[in-house]
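Just so you know, the protein sequences line up as chains A and B, in that order. Using numbering that gives the first Met the number 0, the letters of the first sequence correspond one by one to residues 0 to 433. Using numbering that gives the first Met the number 0, the letters of the second sequence correspond one by one to residues 0 to 251. Even for Gly, the Cβ is constructed at its ideal location relative to N, Cα and C.
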Amino acid sequence: MWKCVMRLSYLVVVFLLIFFGSEAPLSAGDSFDYPFTNPYEATVIETPPPYRATLPEDVPTRVIKLKIFPERKIPEVFWYENGLPCSLVYQQHEAPLLFIIAGTGARYDSPKMLQLQRIFYQAGFHVISISSPTHMDFIVNASTGMVPGNLNEDARDLYRVMGHALDQVDDSIAISDYYLTGYSLGGIQSAFVARIDDQRQRFGFKKVLLINPPVSLYRSVTILDRLLDQNIPGGLDNFRPWLNEVMQNLSDIYKEMGYFEFSGEYIYKVYRRYPRLEKYLRAIIGLSLRMSSSNMIFAADIMNGGGYITPTQAEFDYATSLTPYAMVACRTTFADYFHEYLYPRMLQDHPDLTEQEAIDRLSLTYIEPYLRQSSEIGVLHNQDDIILDNGDIDWIRKVFGTRARIFPLGGHCGNMTHPEVVRFMTTYFSTEEG
Amino acid sequence: MKSIPVGFSVFILLAGLLLGGCSTLPRTTPDTRPAQRTYEDLVDEKQEHPLEIYDPLEGFNRGTYRFNYYFDKYLFLPVVSLYDFVLPNYVEDRISDFVDNVFEFNNLFNNILQFKWKGAGITLSRFVINSTVGIGGLWDPATSWGMHRQTEDFGQTLGHYGAGNGPYLVLPILGPSNLRDTFGIAGDAASFAGIGPVSWAESNTASRTFTGVSTVDRRHRQPFRYYQTGSPFEYEMVRLFYTKKRELEIAR
Numbered sequence: 000m001w002k003c004v005m006r007l008s009y010l011v012v013v014f015l016l017i018f019f020g021s022e023a024p025l026s027a028g029d030s031f032d033y034p035f036t037n038p039y040e041a042t043v044i045e046t047p048p049p050y051r052a053t054l055p056e057d058v059p060t061r062v063i064k065l066k067i068f069p070e071r072k073i074p075e076v077f078w079y080e081n082g083l084p085c086s087l088v089y090q091q092h093e094a095p096l097l098f099i100i101a102g103t104g105a106r107y108d109s110p111k112m113l114q115l116q117r118i119f120y121q122a123g124f125h126v127i128s129i130s131s132p133t134h135m136d137f138i139v140n141a142s143t144g145m146v147p148g149n150l151n152e153d154a155r156d157l158y159r160v161m162g163h164a165l166d167q168v169d170d171s172i173a174i175s176d177y178y179l180t181g182y183s184l185g186g187i188q189s190a191f192v193a194r195i196d197d198q199r200q201r202f203g204f205k206k207v208l209l210i211n212p213p214v215s216l217y218r219s220v221t222i223l224d225r226l227l228d229q230n231i232p233g234g235l236d237n238f239r240p241w242l243n244e245v246m247q248n249l250s251d252i253y254k255e256m257g258y259f260e261f262s263g264e265y266i267y268k269v270y271r272r273y274p275r276l277e278k279y280l281r282a283i284i285g286l287s288l289r290m291s292s293s294n295m296i297f298a299a300d301i302m303n304g305g306g307y308i309t310p311t312q313a314e315f316d317y318a319t320s321l322t323p324y325a326m327v328a329c330r331t332t333f334a335d336y337f338h339e340y341l342y343p344r345m346l347q348d349h350p351d352l353t354e355q356e357a358i359d360r361l362s363l364t365y366i367e368p369y370l371r372q373s374s375e376i377g378v379l380h381n382q383d384d385i386i387l388d389n390g391d392i393d394w395i396r397k398v399f400g401t402r403a404r405i406f407p408l409g410g411h412c413g414n415m416t417h418p419e420v421v422r423f424m425t426t427y428f429s430t431e432e433g
Numbered sequence: 000m001k002s003i004p005v006g007f008s009v010f011i012l013l014a015g016l017l018l019g020g021c022s023t024l025p026r027t028t029p030d031t032r033p034a035q036r037t038y039e040d041l042v043d044e045k046q047e048h049p050l051e052i053y054d055p056l057e058g059f060n061r062g063t064y065r066f067n068y069y070f071d072k073y074l075f076l077p078v079v080s081l082y083d084f085v086l087p088n089y090v091e092d093r094i095s096d097f098v099d100n101v102f103e104f105n106n107l108f109n110n111i112l113q114f115k116w117k118g119a120g121i122t123l124s125r126f127v128i129n130s131t132v133g134i135g136g137l138w139d140p141a142t143s144w145g146m147h148r149q150t151e152d153f154g155q156t157l158g159h160y161g162a163g164n165g166p167y168l169v170l171p172i173l174g175p176s177n178l179r180d181t182f183g184i185a186g187d188a189a190s191f192a193g194i195g196p197v198s199w200a201e202s203n204t205a206s207r208t209f210t211g212v213s214t215v216d217r218r219h220r221q222p223f224r225y226y227q228t229g230s231p232f233e234y235e236m237v238r239l240f241y242t243k244k245r246e247l248e249i250a251r
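What follows is the structure, encoded as structure tokens:
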């Protein structure tokens, strides 16, 4: 009898969920309807369509090329570089303008950037998208010191780029107000850019949103570096057996599914069938950061005349094999880069700076007083973001208070197209108070 | 796409073999100092490394890579964006389905060459269904009925019978390849023209139009854009990705 009642009430609940589920108020926090409870899955696997907001397919876009340092001579190995490309997504009428700063190693048109452009175009914004200061286009064309990673300097470079971008487009669009956002590394950089604007007042941002920022850059990249070292046993010298294993798995999947395609949907299907992917996902996340930092380190070293991973006074051109330098670069962790390259650079300007002080400067905690008093700055984060350490979420809640919105699931930037998250982002910018 | 550049590719390939000696090392001066972090210190030379793919013509290949970048930028992509601008997505999809259906010939031929009877059967059924229910191949109902395309090309056939990759090659316009797959492209083009759809076509104009349209259609469907990866090591990444992708396709 009890069983029967239980089953009946269960059926009723299921029935209610099916018919009212999507309309039910989700403010209860833990009722966030998101398919991945494992943050590594959330980070890597594209959110399946039923959990994605509907966004416009095509948005009116113009690509602009900025020559920030027209007199700079670009080395021959970067023969394809001639200016920093940025994009403008525009409305036909007067509208607020939102700047978006890309995450580590990402370009203005990376998949996450395109998603954000569509989200905010739909919400009625003009959008200017800027590649990350860690992207080679930025290092080669728009960076002053060409040694990325120093948040303060990167923010100054970004601020200059944003000004140039605005100068190029402001004849063609009508702008009401200025807003700023960025995800991941671009999130923490947004805070530093906002701080500069606070002094210089060119834009006077009405609101700034930091999306999944690291609290401490150094700590986050150390976590990501560890993902690679722990999940590819023996490190990159054992990359071959690891890759062979991955290939074998892919080959089995290919045979079993009978076809293969590079789409988020396919990967989701594979994931449903082979749920024990976590150690690969961890390794892939680590590899992806290592690739971004390899690109960054090579570009920085060449632009500074070599000496770190390339010989000095050597000329590289289009025919030069870069394979040996790629091999060295991917064996260089961000921590190596920090200790051996970035920190010595910072010492040139601040001879008394200790390593710990330099690490502390690359964090949100460094500008805590500014963040506490700036009511226009908010944070969007996930409780299970893999780039955060213990205590980081508590720190965010403490410092930002009601200006922090923490979703229970989503990993690192995995839930950006979820309707709940989209709704939060767009209403955050359209309401007056935080 | 397939018939015209092959002769050209072979020519370039021969030219490349003759000029292949151009150096892939950076030019140094007496003032050159070694890097702080070096290959010798950091890389275990006793191991084989996936990134180091056999590429004896690298200097020449990198030249072709650059040529392809400019070809893409100044000719191929402008034509593709005109195509995108003029035609609605719906029409573009019909063209893609039509092109795929015509190229089922190569899939069928290579499935048979490898004695993959199941693949050959599916390919044949797909062709019949899509040509009739799919109205001349403009639609692809077969896929939605669970019959996925059984892609096999002559490079895969050669690989299936044990042919190794040979040296990595970047072909003009066609992009990443290797010696085996270059023979594969030539073989497919020859069978396509000799006993396949081209030989069935009644006019040269029809087959030329098809070549043109299918070339644009393929570039239109290929999302790759040079240096969008943001990597100065893009050449290496494409080389690794291509090689691994072909391994997978051949092992299937």
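- In terms of beta-carbon proximity, E314(A) lines the interface with chain B, with at least one pair separated by less than 7 Å.
- Interface annotation for the segment 358-380 of chain A against chain B: empty, criterion Cβ-Cβ distance under 9 Å.
- When the beta-carbon positions are compared, S171(A) and L179(A) stay at least 7 Å from each other.
- For F333(A), DSSP records no beta bridge to any residue.
- Within a 10 Å sphere around the beta-carbon of E103(B) sit 16 or more other beta-carbons, which makes this residue buried.
- Chain order gives the chain A residues near Q46(B) as D236 and R239, where near means a beta carbon separation below 7 Å.
- Taking a Cβ-Cβ cut-off of 7 Å, the neighbours of Y253(A) in chain B comprise L247 and R251, given in sequence order.
- In the structure shown, E248(B) adopts helical secondary structure according to DSSP, grouped into three states.
- Nearest in C-alpha terms to T143(A), of all of K111(A), G410(A), I127(A) and V160(A), is V160(A).
- For V88(A), the enclosing beta strand (DSSP E) begins and ends at L83 to V88.
- If you compare the alpha carbons of A193(A), I129(A) and P323(A) with that of G82(A), the shortest gap goes to I129(A).
- Contacts with chain B at 7 Å (Cβ-Cβ) include H134(A).
- The count of Cβ pairs closer than 8 Å, one atom from the segment 140-155 of chain A and one from the segment 293-310 of chain A, reaches three, so the stretches are in contact.
- The DSSP assignment places complete beta strand (DSSP E) segments of no fewer than 3 residues inside the segment 361-430 of chain A at 376-381 and 403-406, in order along the chain.
- The alpha helix (DSSP H) runs lying completely inside the segment 36-104 of chain A and spanning 4 residues or more are 38-43, given in chain order.
- In this chain, the alpha helix (DSSP H) harbouring G193(B) covers L178 to G193.
- When C-alpha distances from Y33(A) are compared across M424(A), G409(A), F423(A) and L165(A), the shortest belongs to G409(A).
- The beta carbon of I249(B) is closer than 7 Å to those of Q155, G158 and H159 in its chain, skipping five residues each way along the sequence.
- Look at E44(B) here: in three-state DSSP terms it is coil, with no helix or strand label.
- A41(A) and G135(B) have their C-alpha atoms roughly 42 Å apart.
- The beta strand (DSSP E) runs of length 3 or more contained entirely in the segment 98-179 of chain B are, from start to end of the chain, 167-170 and 174-177.
- Taken in chain order, the complete alpha helix (DSSP H) segments of 4 or more residues contained in the segment 170-220 of chain A are 184-199.
- For the segment 335-351 of chain A, the beta-carbon criterion of a distance under 9 Å to any beta-carbon of chain B is satisfied by D335, E339 and Y340.
- Under the three-state reduction of DSSP output, I127(A) falls in the strand class.
- Cβ contact annotation for P49(B) (same chain, cutoff 7 Å, sequence separation greater than five): L239, in chain order.
- Using beta-carbon distances, F98(A) does not count as an interface residue toward chain B, since no partner is under 7 Å.
- Residue contact check for T311(A) against chain B: a CB pair falls below 7 Å.
- For N243(A), the enclosing alpha helix (DSSP H) starts and ends at F238 to M256.
- In the three-state scheme derived from DSSP, where H, G and I count as helix and E and B as strand, R26(B) is classed as strand.
- For Q167(A), the enclosing alpha helix (DSSP H) covers residues L150 to V168.
- Residue environment: E152(A) is assigned as buried (16 or more neighbouring CB atoms within 10 Å of its CB, all protein chains considered).
- For a Cβ distance threshold of 8 Å, residue set R65 of chain B lies close to W78(A), ordered along the chain.
- For Y226(B), the neighbours in chain A by C-beta distance under 7 Å run, in chain order, Y79.
- Closest option to F68(A), judged by alpha-carbon separation, among E80(A), V58(A) and V76(A): E80(A).
- The three-state reading of DSSP puts E314(A) in strand, counting E and B together.
- Its Cα nearest to that of L24(B), the residue G58(B) stands out among R36(B), G58(B) and L41(B).
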